[in-house]
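Colleague: Chains as they are written, first to last, in the numbering used here: chain A, -15 to 213; chain B, -15 to 213. Every residue gets a Cβ at the ideal spot worked out from N, C-alpha and C, and that includes glycine. Computed from a prediction, not measured in an experiment: that's the story for all the values here.
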DNA sequence: GCAAAAGTGTTTTCATTACACCCATGT
DNA sequence: ACATGGGTGTAATGAAAACACTTTTGC
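(1) Give me, in chain order, the residues of the same chain whose beta-carbon lies closer than 6 Å to that of residue 21 of chain A; leave out the 5 immediate sequence neighbours on both sides.
(2) With 8 Å as the limit, tell me which residues of the segment -8 to 10 of chain B have their beta carbon closer than that to any beta carbon of chain A; keep them in chain order.
(3) Rounding to the nearest angstrom, what Cα-Cα distance links residue 109 of chain A and residue 121 of chain A in this structure?
(4) Just reading off the alpha helix (DSSP H) that residue 216 of chain A is part of, what are its end residues?
(5) Provide the residue span of the alpha helix (DSSP H) that contains residue 172 of chain A, from first to last.
(6) Between the alpha carbons of residue 126 of chain A and residue 156 of chain A, how many angstroms are there, rounded?
(7) Identify which residue in B:199, B:113 and B:129 has its Cα closest to the Cα of residue 82 of chain B.
(8) Which whole-angstrom value describes the C-beta separation of residue 57 of chain A and residue -2 of chain A, a residue pair presumed to lie in contact below a C-beta threshold of 8 Å?
(9) For a test of the three-state rule: what should DSSP assign to residue 99 of chain B, helix, strand or coil?
(10) My assumption, with CB atoms under 8 Å, is that residue 46 of chain A sits in contact with residue 29 of chain A. Please give the rounded CB distance.
(11) Can you check whether the C-beta of residue 60 of chain B is within less than 8 Å of a C-beta belonging to chain A?
(12) List the endpoints of the continuous alpha helix (DSSP H) containing residue 127 of chain A.
(13) As a quick exercise: from A:42, A:103 and A:52, pick the residue whose alpha carbon is nearest that of residue 119 of chain A.
(14) Around the Cβ of residue 55 of chain B, are there at least 16 other Cβ atoms within 10 angstroms (buried) or fewer (exposed)?
(15) Going by beta-carbon coordinates alone, are residue 174 of chain B and residue 204 of chain B separated by less than 8 Å?
(16) Evaluate residue -14 of chain A with the Cβ neighbour count: other Cβ atoms within 10 Å of its Cβ, from every protein chain shown; 16 or more gives buried, anything less gives exposed.
(17) Consult DSSP for residue 14 of chain A and reduce its assignment to one of helix, strand or coil.
(18) Compare the C-alpha of residue 17 of chain B against each of B:53, B:93 and B:76 and name the closest.
(19) Using a Cβ-Cβ cut-off of 8 Å (strictly less than) and excluding sequence neighbours within five positions of residue 160 of chain A, which residues of its own chain qualify?
(20) Going by the beta-carbon positions, is the gap between residue 195 of chain B and residue 151 of chain B smaller than 8 Å?
(21) Report the neighbours of residue 39 of chain A on chain B: residues whose CB is nearer than 9 Å to its CB, in chain order.
(22) Determine, using beta carbons only, whether residue 36 of chain A comes closer than 8 Å to chain B.
(23) Roughly how many whole angstroms lie between the Cα atoms of residue 0 of chain A and residue 8 of chain A?
(24) Would you list the one or two residues that DSSP bridges to residue 75 of chain A?
(25) Sorted by chain position, which residues of the same chain lie with C-beta nearer than 6 Å to residue 207 of chain B's C-beta, five sequence neighbours on each side aside?
(26) Using 10 angstroms around the beta-carbon of residue 188 of chain B, count the other beta-carbons present and answer buried if the total reaches 16, otherwise exposed.
(27) For the putative contact between residue 132 of chain A and residue 211 of chain A, defined by C-beta atoms under 8 Å, what is the C-beta separation to the nearest angstrom?
(28) Using a Cβ-Cβ cut-off of 7 Å (strictly less than) and excluding sequence neighbours within five positions of residue 62 of chain B, which residues of its own chain qualify?
(29) Thinking just about the alpha-carbon of each residue, which of B:134, B:181 and B:12 is nearest to the one in residue 101 of chain B?
(30) Would you check if the distance between the CB atom of residue 170 of chain A and the CB atom of residue 193 of chain A is smaller than 8 Å?
(31) Count the other CB atoms, across all protein chains shown, that sit within 10 Å of the CB of residue 19 of chain A; report buried if there are 16 or more and exposed otherwise.
(32) In angstroms, rounded to a whole number, what distance separates the CA positions of residue 14 of chain B and residue 91 of chain B?
(33) Run through DSSP, which three-state label would residue 227 of chain A get?
(34) For residue 139 of chain A, which option in A:31, A:84, A:178 and A:123 has the closest C-alpha, if you only look at C-alpha atoms?
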């Protein structure tokens, strides 16, 4: 086998596009690389896959190192394997995205990163390796999935207002939605539970708080309900 | 590192689910394995990825070896990497599917296969490794994509009748479609060209022949047309 | 009392569904 | 002449889109 004795001999890695939502903006968790190649540049968090670790576990491990959290929505998107995508040799990478609630985590630097930060996705202009392309492939997939599965809630705090949910959809889909139609549609699905609890300390009429009701959703699904925005 | 000195030490491969359509049935091209493990069993055609070959090329190479053809619709679906998916060590495999016109090709055995055959997808009950699962992941993806992109034509001869097209959709989606509504929808898209040519030698009124007009489709797409069945 | 976002229904428009009979050909 | 699939239109239904004003709070 070729490359038998090289460190970077055909290796595979996982990269994880970690999405979060804050202040009406979709964000991505990036690291600043400590080492060459691309030292000092922003990149997606990723890691070489250990021979005794499943791919999904590898992606979760990366996330766990940066945030300490364990249970998150994770989805495999695509595998990038161009021969020359890594300057040091053949590295095939499996791209994942995760959805997390920014307010629930505190990020911390990891061994492979010098700095870790949430970046607004719309302001990112380039990344190390082919990570910019990877990020966009994941965003594209997220756009598709968020319309067909109730995963948007993964990005919001446990309790949220309907307007927050709408803003989330608008920022991911990059299109404005009609307030009345959006609320009508979501509420008619019957997959939210509401509380007798209101938003606090806002300088306007406070909004009602809701949360996603996974049980109701499962029941509805049994009966043939199909989520669609 | 485990598997350090074995041939199968962390390797990656591609597997290609090659779909074809014949006699109102969706089929898949399978090989019968010559060697252990799983010698004598049916499996998806696949190969180890050479270090100097892109993943897509790897998938096309497999197809080319079995059929001799080169230009086909190819799509990456998912990467399977469970630690124990291969009995001889860690092998991560990238799954693709291809769509080909059965009538255009003659299949031939390849070095790694003892026999190569088109099998009706509905009659396949098990495959070597985790190939059954892989095949179904690809079928699921095909079902999704065929509704959103004009790729069904890849499975039909250059010229086809509307009923053939409908049967193709019905067999992939596993649901019956209304003849009048189907024709209305397809024809209203304006992405087919028709010929003054009819089906020959059938014991009923001969049907008109159509083919997919890629140019018209591209033009329509520019103007915002979105294919959807 | 003013600014700011919450909350709420009705009408119009368009796409989807359901449905049945005559036509052209081979045997 | 009969069997077989080809070809065609209209009405009913339901989902999506468009649209504007009143309410509640903090300051």
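Modeller: Taking the coordinates as given:
(1) 71
(2) -7, -6, -5 and -4
(3) 15 Å
(4) Any property of residue 216 of chain A remains undetermined from this structure, which presents chain A solely from -15 to 213.
(5) 163 to 173
(6) 8 Å
(7) B:129
(8) About 16 Å; that fails the 8 Å criterion.
(9) strand
(10) 5 Å
(11) yes
(12) 115 to 132
(13) A:103
(14) exposed
(15) yes
(16) Any reading at residue -14 of chain A is ruled out, since the residue's pLDDT is 34, under 50, leaving its predicted position unreliable.
(17) strand
(18) B:93
(19) 154
(20) no
(21) 63, 64, 65, 66 and 76
(22) yes
(23) 22 Å
(24) A:-5
(25) none
(26) exposed
(27) 7 Å
(28) 79 and 121
(29) B:12
(30) no
(31) exposed
(32) 11 Å
(33) This structure leaves residue 227 of chain A out entirely; chain A is present only between -15 and 213.
(34) A:84
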